[in-house]
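Here the structure is laid out as structure tokens; the discussion comes afterwards.
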Amino acid sequence: MCYSPLVLATESARKSEISRHSAVVRVTHWLTVIAFVALLITGGEIVISHPRFYWGEVGNSGTKPLFSLHIPASRGTVPTGYNFVMPDQNGWSRYLHFQAAWLLLFTGLIYGIVGFWTGHFRKNLVPGRGQRTWSAFRGVMAKTFRRGPPDVADARSYNVVQRATYLIVIFVLFPLVIWTGLAMSPAFTGAFPWTVIALGGRQSARTLHFFLSGALLLFLIVHVAMVYLAGFKSRMRAMITGRASAEEERP
Amino acid sequence: MSAMSRRKFLRAGLVTTAGVAGIAAADRLAHRYGLIPPDGGGIYGPGETLNYAAQRLFASHAPAREFPRSMISKTPFANAVAPQSDAFKQLQAGGFADWKLTVDGMVACPTQFSLADLKHFPVSSQITEVACEEGWSYIAEWIGTPLKGILREVGVLPQARFIAYFSIYPDWWDSLDMSEARHPQTLLTMGMNDGDLPVSFGGPLRLRVPRQLGYKSVKYVTHLTATDSMKKFGKGLGSAAPEGGYAWWAGI
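The listed protein sequences correspond, in order, to chains G and W. Sequential numbering of the first sequence, starting at 1, is according to our numbering. Sequential numbering of the second sequence, starting at 1001, is according to our numbering.
In structure tokens:
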């Protein structure tokens, strides 16, 4: 084995760098970004065609809604109070919504299987023994709101609030948003009726799907804001190249 | 290139090759087993093919959900339709006595049925939900005769792969694969909630496809054709829906 001096020099320059995100985490992260943004935009377009929400099995323009969004609709049959109709974007929105959902599903399966296989969840996401307390949780929250300097450890691993949030997003919100989405499919619920009965009906599934999407959108906004506050360049570099500087920098 | 990065490079190459080969093999199998929908090309083709293939593989015999009588909606929603043509108004004036359903294409004996003829076939009813792609829904009882009985009567040839169906509206037509066409709940509907099917809900004759969204249940049906390919109809995408940007398979 012979190393060229150039390689040696590169190796020594990287001394102060650490490996932050594995290739699987990085690739599945960005695929999820693509799928989720597509789902969010097309989901919004689909809502515009009937911006009324109901509870139970059925609901339509002739029944009382649980609540309505005060926006114009893309269909003339919906009573919105506006006297104009938005352009109909449902066709391509529905095509892309399901295509992006498949991308999300396959990406999630690969991420989940590799995550359990490699111990990613156990090592990086399940809070350590000492962290699993409300006081640790409150401590992180208080420091975040004070805009205190980040711990050196923050560049290498996640704190308890991040870990709890990521676990909820990965194992609660995404599975639920996929379930409530499928519970609106007449073919899927025909094969698996309990998937919609357990939610209280098709319209309940649709309303829950809307709120779960809202929760995921809230996560996206806070996540991007925190990345910006923690140092946009270094965090982006870590999620693209996998490497992070061992010394923390300030934005 | 160091030994480490060469190994990584080789591994990435192997994973990519396996992935491409896997997709190519899946595509060949999907073609052989008829899992590609007529609108399975284009940029949304992969998603549409996955939707349809998943249904064919895992849910092709599952029935649509049925509901108790107590859940029938008091306010079913008829949705908007274009004004009726003079030809339709004339038929309506005659109480639809002259309404004809023509069944032809790849069948042993092409036949024209009047509504009275159709009422001689076994009566079937179902309390199922109409769900629109927009998001709203209602439950009603639908009364008619299963399409599969008509298909048996005319003797659909074994090479037929789709049943295309046409409304009295010139641009409103659709098609079903044979498993959906022969599904016991696919219903030539003439009655609704213990009365005649109202015109606003598709009367005198609507093809109810309860395992798919509302737009698949075409109103005012006058013509059925058995065919081995949907390429010959319209733009060859299986129905009028994809020509307006909507999916051919509407089970989701």
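Quick reminder that beta carbons are idealized off the backbone N, C-alpha and C, glycines included.
Consider the Cβ of W/I1153: report whether some Cβ of chain G lies at a distance smaller than 8 Å.
Here residue 1153 of chain W turns out to be Glu, not Ile, going by the sequence shown. No, its Cβ sits nowhere closer than 8 Å to a Cβ of chain G.
G/S49 versus chain W: which residues are under 8 Å apart at the beta carbon?
E1133, E1134 and G1135
Could you tell me if W/T1049 is buried or exposed, where buried requires 16 or more neighbouring beta carbons within 10 angstroms of its beta carbon?
buried
Option in W/L1118, W/P1146, W/T1225 and W/D1228 with minimal Cα separation from W/H1183
W/P1146
Does the distance from the CB of W/A1064 to the CB of G/G190 come in under 8 Å?
yes
Under three-state DSSP, which class holds W/P1146?
strand
Contact residues within the segment 1045-1060 of chain W, judged by C-beta distance below 8 Å to chain G:
P1046, G1047, E1048, L1050, N1051, Q1055, F1058 and A1059
Taking C-beta pairs closer than 9 Å, name the residues in chain G that W/S1200 reaches, listed in chain order.
Within 9 Å Cβ-Cβ: nothing; W/S1200 doesn't reach chain G, min ~12 Å.
Three-state secondary structure (DSSP) at W/W1249?
coil
Only counting the same chain, and skipping five residues up and downstream in sequence, which positions put a Cβ closer than 8 Å to that of W/Y1138?
S1073, T1075, P1076, F1077, E1129 and V1130
My output table needs one value for W/E1141: the three-state DSSP class, helix, strand or coil.
strand
Quick one: is G/W261 buried, meaning 16 or more other Cβ sit within 10 Å of its Cβ, or exposed?
Here chain G covers residues 1 to 251 and nothing more, so residue 261 of chain G does not appear.
So, using beta-carbon positions, are W/V1221 and W/S1167 closer together than 8 Å?
yes
Spatial neighbours of G/S204 within its chain, please: CB distance less than 7 Å, with the 5 preceding and 5 following residues excluded, ordered by chain position.
W55 and G56
Among G/T32, G/M236, G/I197 and G/W92, whose alpha-carbon lies nearest the alpha-carbon of W/G1047?
G/W92
Given that a residue counts as buried once 16 or more other Cβ atoms are within 10 Å of its Cβ, and exposed if not, what is G/R206?
buried
Short of 6 Å in beta carbon distance, which residues of its chain neighbour G/T10, apart from the five on each side in sequence? Order them along the chain.
At G/T10 the pLDDT is 48, less than 50, meaning the model places this residue with poor confidence and gives no usable figure here.
Checking the sheet assignment: what are the DSSP bridge partners for G/E17?
G/S245
Contact between the segment 116-136 of chain G and the segment 29-40 of chain G (3+ Cβ pairs under 8 Å)
no
Check G/F106 in the structure and name its three-state DSSP category.
helix
Would you kindly work out how many angstroms separate the C-alpha atoms of W/K1232 and W/A1026, rounded to a whole number?
26 Å
Chain W contact residues for G/E57, given Cβ-Cβ distances below 8 Å
F1067, M1071, E1129, S1137 and I1139
Rounded straight-line distance, which links the Cα of G/A35 to that of W/E1180:
31 Å
Hey, out of G/A142, G/S245, G/V172 and G/L109, whose CA is closest to G/V25's CA?
G/L109
Starting from the C-beta of G/L69, find all residues in its chain whose C-beta is less than 6 Å away, skip the five residues before and the five after it, and write them out in chain order.
P51
Out of W/G1144, W/R1028 and W/E1243, which has the shortest C-alpha to C-alpha gap to W/P1204?
W/G1144
Through-space distance from G/R156 to G/L8, alpha-carbon basis
Low confidence applies here, because G/L8 scores a pLDDT of 46, under 50, leaving its location unreliable and the question unanswered by this model.
Under a Cβ-count criterion, where at least 16 other Cβ atoms within 10 Å of its own Cβ denotes burial, should G/W134 be classed as buried or exposed?
exposed
Which residues, in order along the segment 1188-1214 of chain W, keep a beta-carbon less than 8 Å from a beta-carbon of chain G?
P1210, R1211, Q1212 and L1213
For G/Y95, return the contacting residues in chain W, with the cut-off set at a CB-CB distance below 7 Å.
Y1044, G1047, E1048 and A1247
Span separating the alpha-carbon of W/S1070 from that of G/G59:
15 Å
With distances taken Cα to Cα, identify the nearest neighbour of G/R163 among G/A101, G/R129 and G/M184.
G/R129
Minimum C-alpha distance to G/A142 - residue among G/P127, G/N159, G/V126 and G/I221:
G/N159
Under the rule that 16 or more other beta-carbon atoms within 10 Å means buried, what is W/W1172, buried or exposed?
buried
Is W/G1251 close to chain G, meaning its C-beta is less than 8 Å from at least one C-beta of that chain?
yes
How about W/D1257 and W/W1248: do their beta carbons lie closer than 8 Å?
What the structure shows of chain W is the stretch from 1001 to 1252, and residue 1257 of chain W is not part of that stretch, so it cannot be assessed.
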